[in-house]
Amino acid sequence: MPLELTVQPNDPNLIPIAEKVYAGERLTFEDGVTLFRSFDLLTIGQLADFVNRQRNPQGYVYFNQNRHINPTNICAFHCNFCSFRRDPGEPGAYAYSPEEIVERIRPTVSERVTEFHIVGGLHTEYGFDYYLEVLRALKRAYPWVHLKAFTAVEIDFFAQMTGLSHEEVLRQLMDAGLGSMPGGGAEIFHPEIRRRICPEKADADTWLAVHRTAHRLGLRTNATMLYGHIEKYEHRVDHLIRLRELQDETGGFQTFIPLRYHPENNQLGKRATWTTAHDTLKTIAVSRLMLDNFPHIKAYWIMLTPPIAQLALHFGADDIDGTVVEEKIYHEAGATTEQQLDKLDLIRLVRAAGKIPVERDTLYNIIEIYDRPLEEIEAEVIARRKRRIIEQARARRRERVALTLQ
Ligand code: SF4
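Numbering (the working numbering), first residue to last: 1389 to 1794.
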């Protein structure tokens, strides 16, 4: 048994897989299914942690200062796992104008925010120009912030709405300020499941084709998988292998984010329930093991809860997402996590797991490594926060004085 494996597998089926992992060999579809079927969580976690440490020997865990923006929840589609969508006129339906978006977020956007994560409903009446103008307006108001916007499903919807190709849609969005794409809309690729949970959405080949095109145009993108509903382990592994194949081809994916299904306030919740922490940790770990060509695996704290996300850092994850600020999509579906963690919360959470927090931008350029004593970091962050509050108060006072002088 290799030295690194300090825990003997309880499940003998994992021994040949462990040998492959230590030899740096690619895992097969059958290996992926065997891993998912196994209850030997500690061995699976240790293997994933080994892979993570090989790629990331410093023990870095990345986060960013981001802000989620959902321009509208009015959507033409009816995915049965979705608690976010509304029909026009339905209670709770909203569609913010580009100017409203800019003003709504203003109190929460400091110069330290580096990313807007923008996804939302597919609004048929607004047209593609609305979505372009959302990007332009944000870029005008906050030129330093990277715009990570619109899933492959949204891009395909824009293409259908306009008759333009995916490439032309992406080019126009890039001209309007698009910097990269999030990984949503992937759900589960396998048609047996996809047609039961989101029959109207772009199919797997289309989702992958949009990302292939984006990578060719120089955009970096992420990928997701919605797990823990009616899919089987075979569907999860099929999903991971399709992503791995595209990554072999293009190298354009940055991060894989397993998304835990939330069953409240949606149709699918009548048949599916919350999945377990055991399943979540195993899914993170198997993702790290199968996606040997993905640079990063994210434990998205909003969906996993901060404690499980923290544990996931020892099961192969090396990213914990960001400050988020306002999250609608999963909170409509029953998420009970905070909608916001500030930078210090994230730093403490990562440090308490024995890892080194690293603030990054969207493209994983390092902004700051927080490897100093925690008390020093806390004092600095709090002092910086106080300075910012004082500066903002002074700016508001100057604005009031200027107004009274007019
Ligand atoms: S998941 Fe997205 S596309 Fe599907 S109904 Fe919800 S908002 Fe619409």
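Note that the Cβ used here is the ideal one computed from N, Cα and C, for glycine as well.
Checklist line | Residues of its chain near residue 1516, where Cβ-Cβ distance is below 7 Å and the 5 sequence neighbours each way are ignored | finding: Here the question's residue 1516 lines up with position 128 in the sequence shown. Cβ within range, chain order: 1546, 1549, 1550.
Check: In terms of residue numbering, what span does the beta strand (DSSP E) encompassing residue 1614 cover?
Finding: What you label residue 1614 is simply residue 226 of the sequence shown in a count that begins at 1. For residue 1614, the enclosing beta strand (DSSP E) stretches over residues 1608 to 1615.
Check: Once you ignore the five residues that flank residue 1524 on each side, which residues in its own chain have a CB closer than 7 Å to its CB?
Finding: Your numbering for residue 1524 matches position 136 in the sequence shown. If we look at residue 1524 and ignore the five residues flanking it on each side, its Cβ neighbours are 1564, 1565.
Margin query: Which of the three DSSP states is assigned to residue 1497 in this structure?
Written below: In the sequence shown, the residue the question calls residue 1497 occupies position 109. Coil, per DSSP.
Item checked: Inside the region 1535 to 1593 only - beta strand (DSSP E) runs reaching at least 3 residues -> As far as the region 1535 to 1593 is concerned, its whole beta strand (DSSP E) runs of at least 3 residues are 1566 to 1569.
Check: Can you tell which of 1530, 1470, 1495 has the C-alpha that lies nearest to the C-alpha of residue 1589?
Finding: Locating residue 1589 in the sequence shown gives position 201, where the first residue counts as 1. For the residues 1530, 1470, 1495, the minimum Cα distance to residue 1589 belongs to 1470.
Item checked: Inter-stretch contact at 8 Å, needing at least 3 Cβ pairs: the region 1671 to 1678 / the region 1633 to 1643 -> At 8 Å Cβ cutoff, the stretches do not touch.
Check: Who are the Cβ neighbours of residue 1389 in its own chain at under 6 Å, not counting the five residues just before and after it?
Finding: Here residue 1389 corresponds to residue number 1 of the sequence shown, with the count starting at 1. Caution applies to residue 1389, whose pLDDT of 49 falls short of 50 and renders its modelled position unreliable; the model cannot decide the point.
Notebook entry, point to check: Where do the ends of the beta strand (DSSP E) carrying residue 1648 lie?
Noted result: The residue given as residue 1648 occupies position 260 in the sequence shown. Per DSSP, residue 1648 belongs to the beta strand (DSSP E) from 1641 to 1648.
Note to self: For ligand 1, is there any heavy atom lying closer than 6 Å to the beta carbon of residue 1474?
What the structure shows: In the sequence shown, the residue the question calls residue 1474 occupies position 86. Checking every heavy atom of ligand 1 against the Cβ of residue 1474, none is found closer than 6 Å.
Item checked: Proximal residues to residue 1520 (C-beta, below 8 Å), its chain only, five neighbours per side dropped -> Position 132 of the sequence shown, counted from the first residue, corresponds to residue 1520. 1560, 1561, 1564.
Checklist line | Residue(s) in a DSSP beta bridge with residue 1710 | finding: The residue labelled residue 1710 in the question sits at position 322 within the sequence shown. In the DSSP assignment, the residues bridged to residue 1710 are 1452.
Notebook entry, point to check: DSSP three-state call for residue 1668: helix, strand or coil?
Noted result: Stepping through the sequence shown from its first residue, residue 1668 is reached at position 280. Reduced to three states, the DSSP call for residue 1668 is helix.
Notebook entry, point to check: Taking C-beta to C-beta, are residue 1363 and residue 1696 nearer than 7 Å?
Noted result: Shown here, the chain extends from 1389 to 1794; a query on residue 1363 therefore has no answer.
Notebook entry, point to check: Which same chain residues, not among the five before or five after residue 1754, have their C-beta less than 7 Å away from its C-beta?
Noted result: Translated into positions along the sequence shown, residue 1754 becomes position 366. Excluding positions up to five away in sequence, the list reads 1746, 1748.
Next item on the list: Would you mind giving the Cβ-Cβ distance between residue 1509 and residue 1460, rounded to the nearest angstrom? I have them listed as a contact below 8 Å.
Entry: Translated into positions along the sequence shown, residue 1509 becomes position 121. Translated into positions along the sequence shown, residue 1460 becomes position 72. At roughly 5 Å, the Cβ-Cβ gap stays under 8 Å, so residue 1509 and residue 1460 are in contact.
Checklist line | Beta carbon of residue 1719 nearer than 7 Å to that of residue 1656 | finding: The residue given as residue 1719 occupies position 331 in the sequence shown. The residue given as residue 1656 occupies position 268 in the sequence shown. With contacts defined by Cβ atoms closer than 7 Å, residue 1719 and residue 1656 do not form a contacting pair.
Next item on the list: Please determine, among 1453, 1634, 1603, 1424, the residue with the shortest C-alpha to C-alpha distance to residue 1533.
Entry: Reading the sequence shown from its first residue, position 145 is the one you call residue 1533. Its Cα nearest to that of residue 1533, the residue 1453 stands out among 1453, 1634, 1603, 1424.
Next item on the list: Say yes only if the C-beta of residue 1551 is nearer than 6 Å to one or more non-hydrogen atoms of ligand 1, and no if none qualify.
Entry: For the purposes of this step, residue 1551 is identified with residue 163 of the sequence shown, where counting begins at 1. Checking every heavy atom of ligand 1 against the Cβ of residue 1551, none is found closer than 6 Å.
Next item on the list: Please report the residue range of the alpha helix (DSSP H) in which residue 1533 lies.
Entry: Along the sequence shown, one-based indexing puts residue 1533 at 145. Segment: none, residue 1533 is in no alpha helix (DSSP H) and carries neither H nor E.
Check: Any chance the CB of residue 1465 is under 6 Å from a heavy atom of ligand 1?
Finding: Stepping through the sequence shown from its first residue, residue 1465 is reached at position 77. Answer for residue 1465: yes, Cβ within range of ligand 1.
Next item on the list: Check whether the Cβ of residue 1509 sits closer than 6 Å to any heavy atom of ligand 1, and report yes or no.
Entry: Indexing the sequence shown from 1 puts residue 1509 at position 121. Residue 1509: yes, Cβ under 6 Å from ligand 1.
Notebook entry, point to check: Would you call the region 1432 to 1445 and the region 1695 to 1709 touching, i.e. three or more CB-CB distances under 8 Å?
Noted result: The region 1432 to 1445 makes contact with the region 1695 to 1709; the number of CB pairs closer than 8 Å reaches 3 or more.
Notebook entry, point to check: Does DSSP put residue 1507 in a helix, a strand or coil?
Noted result: Taking the sequence shown and counting its residues from 1, one reaches residue 1507 at position 119. DSSP, reduced to helix, strand and coil, places residue 1507 outside both helices and strands of the structure shown, so it counts as coil.
Margin query: Considering only their Cβ atoms, is the gap separating residue 1612 from residue 1647 smaller than 7 Å?
Written below: As a working mapping, residue 1647 is identified with position 259 in the sequence shown. As a working mapping, residue 1612 is identified with position 224 in the sequence shown. For the pair residue 1647 and residue 1612, the CB atoms are nearer than the 7 Å cut-off.
Note to self: Once the 5 residues before and after residue 1427 are set aside, which same chain residues still bring their CB inside 6 Å of it?
What the structure shows: Within the sequence shown, the letter at position 39 stands for residue 1427. Scanning its chain for C-beta atoms nearer than 6 Å, with the 5 sequence neighbours on each side dropped, one finds no residue around residue 1427.
Next item on the list: Give the C-beta separation of residue 1758 and residue 1778 to the nearest angstrom, bearing in mind that I take them to be a contact with Cβ-Cβ under 8 Å.
Entry: Locating residue 1758 in the sequence shown gives position 370, counting from the first residue. Locating residue 1778 in the sequence shown gives position 390, counting from the first residue. Actually they are not in contact, since the Cβ atoms of residue 1758 and residue 1778 sit about 24 Å apart, beyond 8 Å.
Note to self: Using the Cβ count rule (16 or more neighbours within 10 Å means buried), how would you classify residue 1787?
What the structure shows: In the sequence shown, residue 1787 corresponds to position 399, counting from 1. By the neighbour-count rule (16 or more Cβ atoms within 10 Å), residue 1787 is not buried but exposed.
Next item on the list: Counting only the same chain and skipping the five closest in sequence on each side, list residues whose C-beta sits under 7 Å from that of residue 1476.
Entry: Within the sequence shown, the letter at position 88 stands for residue 1476. Here the set comprises 1462.
Check: Just how far apart, CA to CA, sit residue 1410 and residue 1512?
Finding: As a first step, residue 1410 must be located in the sequence shown, where it is residue number 22. As a first step, residue 1512 must be located in the sequence shown, where it is residue number 124. Taking the CA atoms as reference points, residue 1410 sits about 51 Å from residue 1512.
Check: Could you give the distance in angstroms between the alpha-carbon of residue 1623 and the alpha-carbon of residue 1578?
Finding: As a first step, residue 1623 must be located in the sequence shown, where it is residue number 235. As a first step, residue 1578 must be located in the sequence shown, where it is residue number 190. So the two alpha carbons sit approximately 6 Å from each other.
Checklist line | Counted within 10 angstroms of its Cβ, other Cβ atoms place residue 1698 as buried (16 or more) or exposed | finding: The residue given as residue 1698 occupies position 310 in the sequence shown. The residue in question, residue 1698, is buried, as its Cβ has 16 or more Cβ neighbours within 10 Å.
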